[in-house]
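All remarks here apply to the structure that follows.
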Amino acid sequence: MKWILNKVKYILLIIFLIIGLSVLIFSIKFYKDTKIVETAWEQSEVAKIKDIGSVKKLSIIPLVESDTKSDNLIGEPAVSYLIKADGKYILFDLGWNSKKENPSPLLKNMDKLGINLK
């Protein structure tokens with residue numbers, strides 16, 4: 071019986087050593103990777119925007135969001151916005167289409183809102 075307890079102690083000791091070594095290796099790698107990222111960030115230079123101009127008319131229309139205020143619109147864990155600026159359009163779409171629907175929730179909502187980009 072005593073030799074069984076000794077074996078269990080050695081097995082537990084080995085398990086704890088393996089776990090401890092794994093944590094140590096992970097911590098060292100994490101520290102090194104953090105230093106690499108910090109160095110890259112410190113060396114990066116962001117170009118300043120000099121004159122981006124202005125617009126006379128701006129509108130942002132939410133097309134897809136997770137929480138919809140209307141039962142007619144489809145919501146999902148994503149966002150899509152139609153940005154209009156002086157007759158120019160930007161579709162900011164981080165849509166997911168999690169159910170792989172065709173047409174997608176974005177296209178369905180655009181249709182329901184009467185938006186056609188063609």
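If you want our numbering, it's the position in the sequence shown, counting the first as 1, plus 70. Quick reminder that beta carbons are idealized off the backbone N, C-alpha and C, glycines included.
Proximity below 9 Å, CB of residue i to CB of residue j
i	j	result
residue 130	residue 144	no
residue 173	residue 163	no
residue 175	residue 149	no
residue 128	residue 155	yes
Option nearest residue i by Cα separation, candidates the options
i	options	result
residue 188	175, 167, 161, 174	161
Exposure label - residue i; buried when at least 16 CB within 10 Å
i	result
residue 217	Any property of residue 217 remains undetermined from this structure, which presents the chain solely from 71 to 188.
residue 146	buried
Inter-residue spacing [alpha-carbon to alpha-carbon] between residue i and residue j
i	j	result
residue 103	residue 91	18 Å
residue 184	residue 151	14 Å
residue 73	residue 108	52 Å
residue 95	residue 83	18 Å
Handout entry: Sufficient close CB pairs (3 or more, under 8 Å) joining the region 86-99 to the region 114-121
Key = no
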